[in-house]
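**Student:** Just dropping this structure here.
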Amino acid sequence: TKPCGRRSSSFPSLDPPAGFVQELPYVLVDCIGGRYGVYEDHAEFLKKHFHLIAMKEYLENKKFLSKKIRAIYMWYHKPVIKEELLQSLPNLKIVASSGVGIDHLDLNLLSRYGVKVSNTPFVVSTDTADLGMALMLASSRRLVEGYQIAVSPDTEYFPADWLGAEVSGATLGIVGMGTIGYKVAERAKAFEMKILYHNRNQRNKEEESAVGAIYCKKIDDLLQQSDFVLLSVNLTPQTHKLIGKRELELMKPTATLINISRGLVVDQDALVEALQNKVIKAAALDVTYPEPLPRDHPLLKLKNVIITPHIGSATKKTRRLMMENMVESIHAGLRGLPIPNEVLL
Amino acid sequence: MKNCVVSTTASVMAEEELPGVLILDIGGTHGVLENLAPLLKKHFRLITMKEFLENKKEMSKKIQSVFVFECRPTVDRELLESLPNLKVIGNSGVGVDHLDLKMISNFGVKVTNTPHAVADSTADIGMALMLASARRLVEGCQIAVSPDTKCFAVDWLGVEVTRATLGIVGMGSIGYKVAQRARAFNMRILYHNRNRRRKEEEEAVGAHYCEKMEDLLQQSDFVMLVVNLTPETHKLIGKKELGLMKPTATLINISRGAVIDQGALVEALQNKVIRAAALDVTYPEPLPRDHPLLKLNNIIITPHIGTATVQAIRMMAEEAIANMLAVLNGQPIPSEVFPK
């Protein structure tokens, strides 16, 4: 007989009926531990729910494991899923992907193999909105530069004519007013910012007035009026290079571009040129394409750019919640129940 | 001699008839910013320290006000004794801990500051420091641009700001604006102040009063200092207070360096008694280049930029000018500061 699976009490609705002995489902992960793998403390929790199989183990014992694996736990885009993998996992039912972005997945391919997909859209929203605000404030007030002055061995005095620009009372244009964009608007309102937004669909009146946001049907209107342009769209064929040379030129020369969506939403070469020629004042990017940028990339040399290493959801609490959401989605997917956070084509 | 009627434009008045205002300098490393000079010249005859020292006999009688910008010029007894017609020291900025209020008052000279002009930009810097520290923004930037970076590690984490507890020590204008901003991040807000705010004010930002600062320190994930520097607040945060804070907490200072016992802070950060600190102010400014605070990796320091925005600098000058003119014209003074 197989050992009885121990269930965590956080998911009582998913506990097996008493007395029912069942093997833990086999779930494929890339690796556990290290700088790029599933966190060790997460793995402890995961092992109460699943029989985790690391990629290395799978490749060493494909014959036996390939039929066992019913789910893939995709942590930060790993393991990479290609058709070859799908072909060799006949019982794969669901891929749970961490984070909200799913631009790294071939949804059509997965659908053809009858594999469902889930992400973690809501838990990442507050941390990502917070980071958007952090980047806007840091850029506007020249925080990173200021820090360098404060600690530099060459600093003898603090210059009086060294100034940043005010965030309070400025105009923020939010491109993409989904969950994350809306939370940015809620935060920006408290800084008495004027808020413009552009979105595929206009939000309803109550939502707009709750944050004082004004809809710009044409993105051009938003670009021309904003002191800060914040990108919080998801990456799709429609939003690929949404911000290019034309859009950058529509922006004010005193404006700052903030990107917390995906690197490919911005035409990076056009951005480099715009920053070099002071077509816009500055940029603050949590995302680039690729990540990291090649070490000789011009964006790394510009003084009027700050770049963070894609840390939009990088807090302990949020990553834990992401993991728990993914466990829930996998359980539901394996039982044929409605899948929380399912990504539909 | 009549007081200058300053409601008429300066073009009507000969420059010599305008009241004299002493400044350190225009431009240069510590002088009044060049674009502020025209604002001052509208209402005053500008006299730089150099001009004054070169021609004390004539200039000393003309000077009715001193515009103190970034703590300069230094207002000492010698200066006060040499300015018989001095009526007002107009400080740019809200902090006046660099001025000897009692001594100045003994000369019959009034002191004014600019509490309204500084509030938004200083509250913004408080929020910027809290977010930057929590999310390890400066470290992150260094990783993103470092020549050694090959991959972004997935286990590199900061701490949440949303829904965390913020303890505001000093709930004046600036502290209250911090609370307004923090509320939008769904933060739980505690505050400690000499006096409790009105119920409506508390409810508007969801702030809970902590009569004892200890209670605030023990419960907060972020402690932000927004008091002014007085003998009572000197070294307000010392070894005991740091020991009361959570080991996961961050200390943010946007008030004055001397509010913190810096030696105790160094020790607390080295021994991980608290998680991190983010300071816009230190004592002195800048710190000596070999100061231990500069070597710690769980600290961000900014070079006293709380009001360093184009907008705030201009608003401070305008507020200081309005205050100085009110004194010279015998009108109600918007922001006079009195010695204790």
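Chain order of the listed sequences is A and B.
Start counting the first sequence at 1; every next residue gets the next number (our numbering).
Start counting the second sequence at 1001; every next residue gets the next number (our numbering).
Quick reminder that beta carbons are idealized off the backbone N, C-alpha and C, glycines included.
1. Have a look at A/P338 and A/R320 and give me their C-alpha separation to the nearest angstrom.
2. DSSP on A/R70, reduced to helix/strand/coil?
3. What residues from chain B crowd round A/I306, counting only those whose CB sits closer than 7 Å?
4. So, B/V1088 versus B/K1110, is the Cβ gap smaller than 7 Å?
5. What are the complete beta strand (DSSP E) segments, minimum 3 residues, inside the stretch 1101-1147 of chain B?
6. Taking Cβ-Cβ distances below 7 Å as the criterion, which residues of the stretch 1301-1332 of chain B are in contact with chain A?
7. Excluding the 5 residues flanking B/V1154 on each side, which residues of the same chain have their C-beta closer than 6 Å to its C-beta?
8. Identify, in the order they occur along the chain, each residue of the same chain with its Cβ nearer than 8 Å to the Cβ of B/I1305, setting aside the five sequence neighbours on each side.
9. Can you check which of these residues, A/F228, A/K301, A/D267, A/Y215, is closest to A/T239 by C-alpha distance?
10. Would you please verify whether the beta carbon of A/I180 is less than 7 Å from any beta carbon of chain B?
11. If we call anything under 7 Å between Cβ atoms a contact, is A/T128 one with A/I260?
12. Below 9 Å on C-beta distance, what does B/H1192 contact in chain A?
13. Alpha carbon to alpha carbon, how far is B/V1259 from B/E1211? Give it in angstroms, no decimals.
14. Please confirm if B/P1334 has its CB atom under 7 Å from at least one CB of chain A.
15. Can you give me the start and stop residues for the alpha helix (DSSP H) that B/L1265 sits inside?
16. Nearest by alpha-carbon distance to A/T126: which of A/H77, A/L334, A/M322 is it?
17. Listing by chain order, which chain B residues have their CB less than 7 Å from the CB of A/L143?
18. Nearest to B/V1205 by alpha carbon, out of B/I1168, B/S1220, B/V1021?
19. Mind listing the chain B neighbours of A/F158? Cutoff is C-beta to C-beta under 7 Å, in chain order.
20. For a contact meaning CB atoms closer than 7 Å, what does B/L1137 contact in chain A?
21. With a threshold of 8 Å on Cβ separation, who are the neighbours of A/E40 within its own chain once the five nearest residues in sequence on each side are excluded?
22. Going by DSSP, what residues sit across from A/Y197 in a beta bridge?
23. Classify A/Q276 as helix, strand or coil using the three-state DSSP reduction.
24. With distances taken Cα to Cα, identify the nearest neighbour of A/Y197 among A/K183, A/S66, A/M74.
25. What residues from chain A crowd round B/E1160, counting only those whose CB sits closer than 9 Å?
26. Measuring CA to CA, which of B/I1023, B/F1152, B/D1261, B/E1139 is closest to B/L1053?
27. Scan the stretch 1022-1038 of chain B for residues whose Cβ lies nearer than 9 Å to a Cβ of chain A and list them as they occur along the chain.
28. Taking only runs that begin and end inside the stretch 1205-1248 of chain B, name each unbroken alpha helix (DSSP H) of 4 or more residues, in chain order.
29. Can you tell me the Cα-Cα spacing of A/N277 and A/Q225, whole angstroms?
30. Taking B/Q1219 as the reference, give the member of B/S1255, B/E1241, B/N1329 with the closest Cα.
**Tutor:** On the basis of the supplied data:
1. 22 Å
2. strand
3. C1141
4. yes
5. 1110-1112
6. I1301, T1302, P1303, H1304, I1305, A1308, T1309, V1310, Q1311, A1312, I1313
7. none
8. I1125, D1280
9. A/D267
10. no
11. yes
12. In chain order: nothing, as chain A lies at least about 21 Å away.
13. 19 Å
14. no
15. 1262-1270
16. A/M322
17. A1128, A1132, T1302
18. B/I1168
19. E1285, P1286, P1303, H1304
20. A134, A138, T308
21. I32, G33
22. A/I174, A/Y215
23. helix
24. A/K183
25. T126, D127, D130, T315, K316, K317, T318
26. B/I1023
27. G1027, G1028, T1029, H1030, G1031, V1032, L1033, E1034
28. 1213-1219, 1239-1244
29. 20 Å
30. B/E1241
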